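*Asks:*
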Amino acid sequence: HKPDLVTRGYDKVLSFCLRHTFLVFLVFVGTAAASVWLIQTSPKGFFPQEDIGQISVTTIARQDISFDAMSRLQGQVASVFSHSPYVDHVAWSAGSGNNALNQGQLFVQLKGKDQRPDIEKVLSDLRKQLAGVAGIETYMQPVQNLRLGSRSSASAYQLVVQGLDTGLTDIWAQKLNDAMAADHANFTDVTSDLQNNALQATLVVDRDKAAQLGIDTDTLRSALYGGCGTDQVSTIFGSADSYEVITELDPKIEWSPERMLA
1023 HKPDLVTRGY DKVLSFCLRH TFLVFLVFVG TAAASVWLIQ TSPKGFFPQE
1073 DIGQISVTTI ARQDISFDAM SRLQGQVASV FSHSPYVDHV AWSAGSGNNA
1123 LNQGQLFVQL KGKDQRPDIE KVLSDLRKQL AGVAGIETYM QPVQNLRLGS
1173 RSSASAYQLV VQGLDTGLTD IWAQKLNDAM AADHANFTDV TSDLQNNALQ
1223 ATLVVDRDKA AQLGIDTDTL RSALYGGCGT DQVSTIFGSA DSYEVITELD
1273 PKIEWSPERM LA
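Numbering of the sequence shown is given in my numbering, commencing with residue 1023 and proceeding in unit increments.
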């Protein structure tokens, strides 16, 4: 019967343990030591960080930066990644597809694990090199198979500040951001998605004067958008791609509101 087999098996194991108590004690000590070692060396946290060989990078420049200046800075950041011995290839974009013109994205594919150190060492070395690129902040986070949160962010974790008074909420959100950024022992890559410091210019149209000159509001608006915006006037179709033709002011001239109205 099966109960008899189980009983006989248990009796044999128990008899062996009683005859070899010192060996059983060593097994117990070894198991306890292995458990302690595994607890100390195992990745800890809400979700242990994975190393799948990819890094998501967000760049943020000053809020009133132009697209051309942002593109140049983004190119400098991309150059740092391209020249790293740990990186296989880099893809990047500036302004387009982001929430603001002063933000950019990079996707970095690292080399195989046998050709580079662990992901933390890679990020540490890259941070030191990126510190030399002035005028732009770079935030890196390893791509994870499982990502929490419904919003994309420059850092791995998000903290949302809410309030009924917009002004007070902005003030305390900035204070919290500054306090966390100053705590270098516990936090890295602290940033905020608050965008309220860009320079703005308000244009007041003298409609009577414009009417005397035969210029209506729509014409004036179209002219300003053609020079300062991204007014697409045509599309050039090639054999493998298409190219948008946009109008703009002469990029060789440093334009300002005063110069435009002169």
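Even glycine gets a Cβ: it sits at the ideal position worked out from N, Cα and C.
This structure is a prediction, so every number in the text was calculated from the model and none was measured.
Counting pairs of Cβ atoms below 8 Å between the region 1100-1115 and the region 1126-1140, do you hit three or more?
*Replies:* Yes, the region 1100-1115 is in contact with the region 1126-1140.
*Asks:* Tell me the DSSP secondary structure of T1224 in three-state form.
*Replies:* Here residue 1224 is taken as the residue at index 202 of the sequence shown, counted from 1. DSSP places T1224 in coil when its eight states are reduced to three.
*Asks:* Are I1237 and D1253 touching if we call contact CB-CB under 7 Å?
*Replies:* Along the sequence shown, one-based indexing puts residue 1237 at 215. Along the sequence shown, one-based indexing puts residue 1253 at 231. In this structure, D1253 does not lie closer than 7 Å to I1237 by Cβ.
*Asks:* Assuming L1242 and V1227 form a contact by the criterion Cβ under 8 Å, report the distance between their Cβ atoms to the nearest whole angstrom.
*Replies:* Looking up residue 1242 in the sequence shown gives position 220. Looking up residue 1227 in the sequence shown gives position 205. The pair is a contact, with the Cβ atoms about 6 Å apart (cut-off 8 Å).
*Asks:* Would G1251 and L1271 be called neighbours here (beta carbons separated by less than 7 Å)?
*Replies:* Walking along the sequence shown from the start, residue 1251 turns up at place 229. Walking along the sequence shown from the start, residue 1271 turns up at place 249. No; because the gap between Cβ atoms is not below 7 Å, this pair is not in contact.
*Asks:* Which class does F1259 belong to by DSSP, given the choice of helix, strand or coil?
*Replies:* Sequence index remark: in the sequence shown, residue 1259 carries index 237 (1-based). Of the three classes helix, strand and coil, the one that applies to F1259 here is strand, per DSSP.
*Asks:* Assuming the contact rule is C-beta atoms closer than 8 Å, S1082 and N1167 should be a hit. Round their C-beta distance to whole Å, please.
*Replies:* As a working mapping, residue 1082 is identified with position 60 in the sequence shown. As a working mapping, residue 1167 is identified with position 145 in the sequence shown. Note that residue 1082 is Ile in the sequence shown here, rather than Ser. Incorrect: roughly 26 Å between the Cβ atoms, too far for contact.
*Asks:* If we count the other Cβ atoms within 10 Å of its Cβ and call it buried at 16 or more, is R1138 buried or exposed?
*Replies:* Within the sequence shown, numbered from 1, the residue matching residue 1138 stands at position 116. R1138 should be labelled buried.
*Asks:* What would DSSP say about L1132, mapped onto helix, strand or coil?
*Replies:* Locating residue 1132 in the sequence shown gives position 110, counting from the first residue. Correct three-state label for L1132: strand.
*Asks:* Return helix, strand or coil for D1253, following the three-state DSSP convention.
*Replies:* In the sequence shown, residue 1253 corresponds to position 231, counting from 1. Reduced to three states, the DSSP call for D1253 is strand.
*Asks:* Could you round the C-beta distance between Q1085 and N1219 to whole angstroms and report it? I think they count as a contact, below 8 Å.
*Replies:* Position 63 of the sequence shown, counting from 1, holds the residue named residue 1085. Position 197 of the sequence shown, counting from 1, holds the residue named residue 1219. Between N1219 and Q1085 the Cβ distance is about 5 Å, and since that is below 8 Å, they are a contact.
*Asks:* Taking the continuous beta strand (DSSP E) assigned at S1057, which residues delimit it?
*Replies:* Position 35 of the sequence shown holds residue 1057. First-last for S1057: 1043-1063, but that is the alpha helix (DSSP H), not the beta strand (DSSP E).
*Asks:* Tell me G1126's beta-bridge partners as DSSP assigns them.
*Replies:* The count along the sequence shown starts at 1 and reaches residue 1126 at position 104. Paired residues: T1081, A1116.
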